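Here the structure is laid out as structure tokens; the discussion comes afterwards.
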Ligand SMILES: Cc1cc2nc3c(=O)[nH]c(=O)nc-3n(C[C@H](O)[C@H](O)[C@H](O)COP(=O)(O)OP(=O)(O)OC[C@H]3O[C@@H](n4cnc5c(N)ncnc54)[C@H](O)[C@@H]3O)c2cc1C
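Below you can see the structure in the form of structure tokens.
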């Protein structure tokens, strides 16, 4: 995908994720023809119902066109809560090796995933503030506590910064990995604001847990 | 026996059960309601026998780190007096302690400690569950408790409720898990699923004077005071389980490959050094609890450090195994989910920060301790 296209897609994906959630955001990435990254043995996560629209799979070091892969659908208890399914890809016939570069090329999918995660983070931050506004301790809402305000401010700062990081059409792989790291941490800060309620599988903030899992399944190796 | 040798012996004893706990971990995570199929396992029975009050914090921590190195979710799935035992051990009468003990003595019974409510979590002194006087010296218990470990399958439990306004009106009562005035349902949680976190609704459960914990203590010591002491004890236990889980992840990742590159080994070594440091911090906190349970801040500090460590280790080390490690290795995915629970148990990190800061601001820093 060209840098210009990626930058348009990034803003749109952020909005889709904020308004319609993780599966919608991932679905939009996959429908855009971006190859889906998989683990070395071919495992990955993707939304239910988009299998037919996958253009290709990215195994480490190789790209497998969809019509040359056998796909087995597997259960994934946490992924399913967000409308995702686990699949195992086995390539048939010869594979197209990916280009080897000095620094591993980040997959477009990982770049676009950051925008989806950003949209989810923004949506969940708003939900967390609404929740804490209605949680009264000592006669005042929890949002009046300075530690809570610090967490909100830090999260907004990370979100705004990452939006600009993702604007960069020449973003190096290491910077993208760092952006995901910060999304992970900010996501956890927001998750904790819901208290134990956010640890229920039925709670909407589970999208941040599942998005973390998708990042694990899609991230580019060697960004450590 | 030399105290260090004794701790080493306890560690070795616990370590023997860790492998069995781990072997059961994924099936209990998938179906927490079927844990009773495994109750005859020697490991589960050994955990059941662990009595933190009799053992003291240092010995308990030594054992819990090793057991959690097997699997913390399984440790919390084991039957036994658990948190109810800690509070009853601190403020219960010998008869009440015996009542709790015998309710779970056959090795197939759980107990709960119910404090949190849908609208009240961190600030337990604001809880609303009521002990309404029935006019004959007894009470009726009304209210809803939520996120209660092993609540829906327990035979007995301790509930914190109020007899009137104000913190001194908080009382802990021993209740029967099979009472018709108790409706309990398990909640579907993200992780630590073996602990079967539950919601409990009390609708007029009769409570007699024999059920009130701490009747033999002064009014200042019979309610929240005793529970707070229990919290301190349990906080170091949570820290120990966070350390144990971090060790489990480290060992698991390390064992997956032979030929680690230098840079990767450096990541593993750095993580190991951090785990070892927080482990020592937790042991130190345990020693402080043994010396005086009223000193809450060492336990808070250890929990704060251990929870953050466990989050980092479970997130970052699996990446050394390449893309999709959490899908390829279900145990790593489970531990990644499990450690998030430690954040909420016995006080969130914000609450621990407040404890640590308030202690230091009031008493100074005492840098050598
Ligand atoms: C796995 C698990 C097991 C549990 N087991 C038990 C059990 O056996 N028995 C039991 O009684 N409870 C249990 N709990 C509940 C646990 O004790 C509560 O979740 C905890 O006390 C926090 O309360 P809360 O979830 O209502 O969050 P809240 O108190 O609503 O907190 C929400 C957010 O606000 C922050 N916050 C709250 N107050 C302040 C403040 N004053 N200043 C700054 N920030 C603040 C918190 O840090 C958090 O980020 C369990 C929870 C879990 C997840």
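Residue numbers (our numbering), protein chains in the order written: chain A, -5 to 218; chain B, 2 to 370.
All C-beta atoms in this analysis are idealised placements derived from N, C-alpha and C, irrespective of residue type, glycine included.
As the structure is a computational prediction, the values presented were derived from the model and not from experiment.
To which residues of the same chain is residue i closer than 7 Å at the C-beta, ignoring the five residues directly before and after it?
i	result
residue 19 (chain B)	67, 68, 70, 71
residue 73 (chain A)	39, 79, 80, 204, 207
residue 217 (chain B)	94
residue 96 (chain A)	Because the pLDDT of residue 96 (chain A) is 44, which lies under 50, any placement of that residue in the model is unreliable, and the number read from its coordinates should be weighed accordingly. There are no such residues.
residue 3 (chain A)	26, 106
residue 154 (chain B)	111, 197
residue 283 (chain B)	62, 237, 240, 241, 244, 303, 307
residue 358 (chain B)	none
residue 272 (chain B)	251, 314, 318
residue 344 (chain B)	308, 350
How would you write the range of the alpha helix (DSSP H) that residue i sits in, first residue to last?
i	result
residue 284 (chain B)	263 to 292
residue 49 (chain B)	43 to 49
residue 408 (chain B)	Chain B is shown only over 2 to 370; residue 408 (chain B) falls outside these bounds and no answer can be derived.
residue 1 (chain B)	Outside the shown range of chain B, which is 2 to 370, sits residue 1 (chain B), and nothing can be said about it.
residue 21 (chain B)	4 to 31
residue 345 (chain B)	331 to 345
residue 67 (chain B)	58 to 78
residue 84 (chain A)	Per DSSP, residue 84 (chain A) belongs to no alpha helix (DSSP H); it is in the beta strand (DSSP E), 78 to 85.
residue 313 (chain B)	298 to 317
residue 44 (chain A)	Neither: residue 44 (chain A) is in no alpha helix (DSSP H) and is coded neither H nor E.
Return the chain-ordered list of same chain residues with a C-beta closer than 6 Å to the C-beta of residue i, the five sequence neighbours on each side being excluded.
i	result
residue 67 (chain A)	79, 81
residue 257 (chain B)	322
residue 8 (chain A)	109, 112, 113
residue 94 (chain A)	Note that residue 94 (chain A) has pLDDT 49, beneath the 50 cutoff, so the model's placement of it is unreliable and the number below is only indicative. Excluding sequence neighbours, residue 94 (chain A) sits near nothing in its chain.
residue 130 (chain B)	144, 162
Would you kindly report the start and end of the unbroken beta strand (DSSP E) that includes residue i?
i	result
residue 115 (chain B)	111 to 115
residue 59 (chain A)	56 to 59
residue 64 (chain A)	63 to 68
Using alpha carbons as the reference points, say which of the options lies closest to residue i.
i	options	result
residue 117 (chain A)	A:195, A:62, A:153, A:173	A:153
residue 109 (chain A)	A:36, A:125, A:47, A:160	A:160
residue 53 (chain B)	B:264, B:232, B:309, B:263	B:232
residue 184 (chain A)	A:202, A:174, A:175	A:202
residue 139 (chain B)	B:265, B:275, B:207	B:207
residue 269 (chain B)	B:97, B:286, B:350, B:251	B:251
residue 385 (chain B)	B:353, B:202, B:169, B:282	Residue 385 (chain B) lies beyond the residue range present for chain B, which begins at 2 and ends at 370; the question has no answer from this structure.
residue 113 (chain A)	A:210, A:135, A:17, A:142	A:17
residue 178 (chain A)	A:189, A:190, A:149	A:149
residue 229 (chain B)	B:267, B:3, B:171, B:149	B:171
residue 152 (chain B)	B:100, B:80, B:332	B:80
residue 113 (chain B)	B:101, B:107, B:120	B:101
residue 349 (chain B)	A:189, A:196, A:195	A:189
residue 86 (chain B)	B:107, B:109, B:246, B:51	B:51
residue 28 (chain A)	A:20, A:136, A:139	A:20
residue 214 (chain B)	B:163, B:235, B:262	B:163
residue 38 (chain B)	B:108, B:9, B:88	B:108
residue 25 (chain B)	B:42, B:369, B:168, B:310	B:42
residue 310 (chain B)	B:301, B:279, B:65	B:279
Considering only the beta carbon of each residue, do residue i and residue j sit closer than 8 Å?
i	j	result
residue 128 (chain B)	residue 161 (chain B)	yes
residue 227 (chain B)	residue 173 (chain B)	yes
residue 363 (chain B)	residue 27 (chain B)	no
residue 200 (chain B)	residue 188 (chain B)	yes
residue 58 (chain A)	residue 85 (chain A)	yes
residue 159 (chain B)	residue 200 (chain A)	no
residue 194 (chain B)	residue 74 (chain B)	yes
residue 59 (chain B)	residue 287 (chain B)	yes
residue 104 (chain B)	residue 36 (chain B)	no
residue 143 (chain B)	residue 205 (chain B)	yes
residue 96 (chain B)	residue 33 (chain A)	no
residue 115 (chain B)	residue 146 (chain B)	yes
Within a Cβ cutoff of 8 Å, which residues of the same chain sit near residue i, ignoring the five residues on either side of it in sequence?
i	result
residue 30 (chain A)	24, 38, 40, 48, 50, 51, 52, 103, 212
residue 186 (chain B)	153, 199, 200
residue 49 (chain B)	79, 80, 81, 105, 108
residue 10 (chain A)	18, 19, 22, 110, 113
Under 7 Å: does the beta carbon of residue i sit that close to some heavy atom of ligand 3?
i	result
residue 360 (chain B)	For the structure depicted, ligand 3 is absent and the ligand set comprises only ligand 1.
(request) Please specify which runs of the alpha helix (DSSP H), each continuous and at least 4 residues long, are wholly inside the stretch 111 to 174 of chain A, giving them in chain order. (result) DSSP runs (the alpha helix (DSSP H)) wholly in the stretch 111 to 174 of chain A: 140 to 161.
(request) Counting only runs of 4+ residues fully inside the stretch 199 to 230 of chain B, write out the alpha helix (DSSP H) ranges in chain order. (result) Within the stretch 199 to 230 of chain B, no complete alpha helix (DSSP H) run reaches 4 residues.
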